[in-house]
Structures are given as C-alpha cells and as structure tokens.
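J.:
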Amino acid sequence: MHLSGHFRHSALSGGAPVAARGRAVRRGATLLHELHFACSDGRRARIRVTRACSFAARLRGLIGRAAPESGHGLWIEPCSAVHTFGVPEALDLVFVSACMVVQRIEAAVPPRRVRVGPGARRVLELRAGEAARIGLRAGTRLEWSRAAPTLPLAADRRQGGNR
581 MHLSGHFRHS ALSGGAPVAA RGRAVRRGAT LLHELHFACS DGRRARIRVT RACSFAARLR
641 GLIGRAAPES GHGLWIEPCS AVHTFGVPEA LDLVFVSACM VVQRIEAAVP PRRVRVGPGA
701 RRVLELRAGE AARIGLRAGT RLEWSRAAPT LPLAADRRQG GNR
C-alpha cells in the first residue's frame, strides 16, 4: 500500500482508513476526501475525491466504471500518465504538480486514449466538462480540507479511544 501525503488509507476497494488528517467523508464503503480551491472569480469551490494510492487502485482507476458524478472525482497518486482504455465515457484529466498546483487540464478525453503530464505527480479524473463547470484552471492551487480529523488514528483504535 502506498502511504503518502496527509491521508493514509487502504486501497480504493473500500478498506478502513489507517489514519486521516483533514476532512474525510464515508460514502458506502468508499472514503471520500475534500479538495478546496479558489476560482478565478474569487469564490471558493470544493470537490470530493476518492483516493487511489495503492498499486491495484491506480491500475484499476475507472476501468469498467461510470465517470464520477458531478462534484466528485478520482485522485490518482503517484501518477503522471493516464489511459482511458476500458473507460466507457470521456473524462477531464487534471494533471497536478507535487506542489498541488494544476499544471494542465485535458478536457473530454475520449475512451482508448493515453495522456501524459510531464512533471505531474498526481492526476484528478473528472466527468467530462466538470473541470470547466467548477472553475478549475491551470495554475489553480489545490488544498486538502483543513477541518478537524473525523476518523480515529490507527493507534487510537488499538487503544480503544478517540483523541
């Protein structure tokens, strides 16, 4: 399992999180995290993402699944290249640097294509047209929600308490 950044959890398949810092929301068996950013018109926007950090989760991605619903996406890390083979519909691919800055956006990439983001460290996959709808642009700085932890840390679970 790949452990990086402020969030650590098991694969996209829905395992329980090992530790979480920031705001996380459970939806069914999947853990969602919130990304926030400032739009060009000055308003703040957010998007809920499922994190694919394990090798298996990154490999699977959205293959054979419907595109994420509006306001949601799939965060793939580490990643600098994406294919859409086996993905049933077009996707917006947002390439993000190690500093959490959007490097570029490939809008409405149809199935059976490959896109590479030189220098990207992460990719956010969205429903086609979603990046424009929410005001996401190249140069936008993304940040994880800074709300208080909503899930117990692994050490807390072993000790039977919440801190």
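Residue numbers (the working numbering): 581 to 743. Glycine residues also receive a C-beta, built at the ideal position from the N, C-alpha and C atoms. All figures in this text were calculated on a predicted structure; none of them were measured in a lab.
#1: With DSSP collapsed to three states, give me the class of F635.
#2: Are G644 and V667 close, meaning C-beta to C-beta below 9 Å?
#3: Between which two residues does the alpha helix (DSSP H) carrying I714 extend?
#4: If you drop the 5 nearest sequence neighbours on each side, which residues of the same chain put their C-beta closer than 6 Å to that of P691?
#5: Cβ of T664 within 8 Å of any heavy atom in the ligand PLP?
#6: Considering Cα atoms alone, identify which of E705, A718, R623, R626 is closest to D672.
#7: Considering E649, what are the terminal residues of the beta strand (DSSP E) in which it resides?
#8: How would you call V676, buried or exposed, if buried means at least 16 neighbouring beta carbons within 10 angstroms?
#9: Is V681 closer than 9 Å to G719 when the C-beta atoms are compared?
#10: Count the other C-beta atoms from every protein chain shown that fall within 10 angstroms of the C-beta of V696, then say buried if there are 16 or more, exposed otherwise.
#11: State the Cα-Cα distance for the pair Q683 and P658, rounded to the nearest angstrom.
#12: What would DSSP say about R640, mapped onto helix, strand or coil?
#13: What are the uninterrupted segments assigned as beta strand (DSSP E) that are 3 or more residues long and contained completely in the region 673-718, given in chain order?
#14: Taking just the CA atoms, how far does R624 sit from R701?
#15: Do you know offhand how far A646's Cα is from L639's?
#16: Restricting to Cα atoms, I'd like to know which of F617, L612, H613 is closest to L722.
#17: Which value, in whole angstroms, describes the spacing of the CA atoms of S634 and L716?
T.: So, from the data block:
#1: Helix at F635.
#2: Their beta carbons are under 9 Å apart, which means G644 touches V667 by this criterion.
#3: Per DSSP, I714 belongs to the alpha helix (DSSP H) from 710-714.
#4: Close CB contacts of P691 within its chain, under the 6 Å cut and outside five residues either way in sequence, are with T664, V667 (chain order).
#5: Only the bare structure without any ligand can be found here, which leaves the ligand PLP out of the picture.
#6: The closest CA to that of D672, considering only E705, A718, R623, R626, is found on E705.
#7: E649 -> no beta strand (DSSP E), and no H or E assigned at all.
#8: Burial is judged here by how many other beta carbons sit within 10 angstroms of a residue's own beta carbon; V676 has at least 16 and is buried.
#9: Yes; because the gap between Cβ atoms is below 9 Å, this pair is in contact.
#10: Exposed, since its Cβ has fewer than 16 Cβ neighbours within 10 Å.
#11: For Q683 and P658, the distance between alpha carbons rounds to 15 Å.
#12: Reduced to three states, the DSSP call for R640 is helix.
#13: Within the region 673-718, the complete beta strand (DSSP E) runs of at least 3 residues are 682-689, 694-696, 702-707.
#14: Distance between the alpha carbons of R701 and R624 is about 24 Å.
#15: Taking the straight line joining both Cα atoms gives about 16 Å.
#16: Proximity to L722 across F617, L612, H613 peaks at F617, based on C-alpha coordinates.
#17: S634 and L716: Cα-Cα distance of roughly 26 Å.
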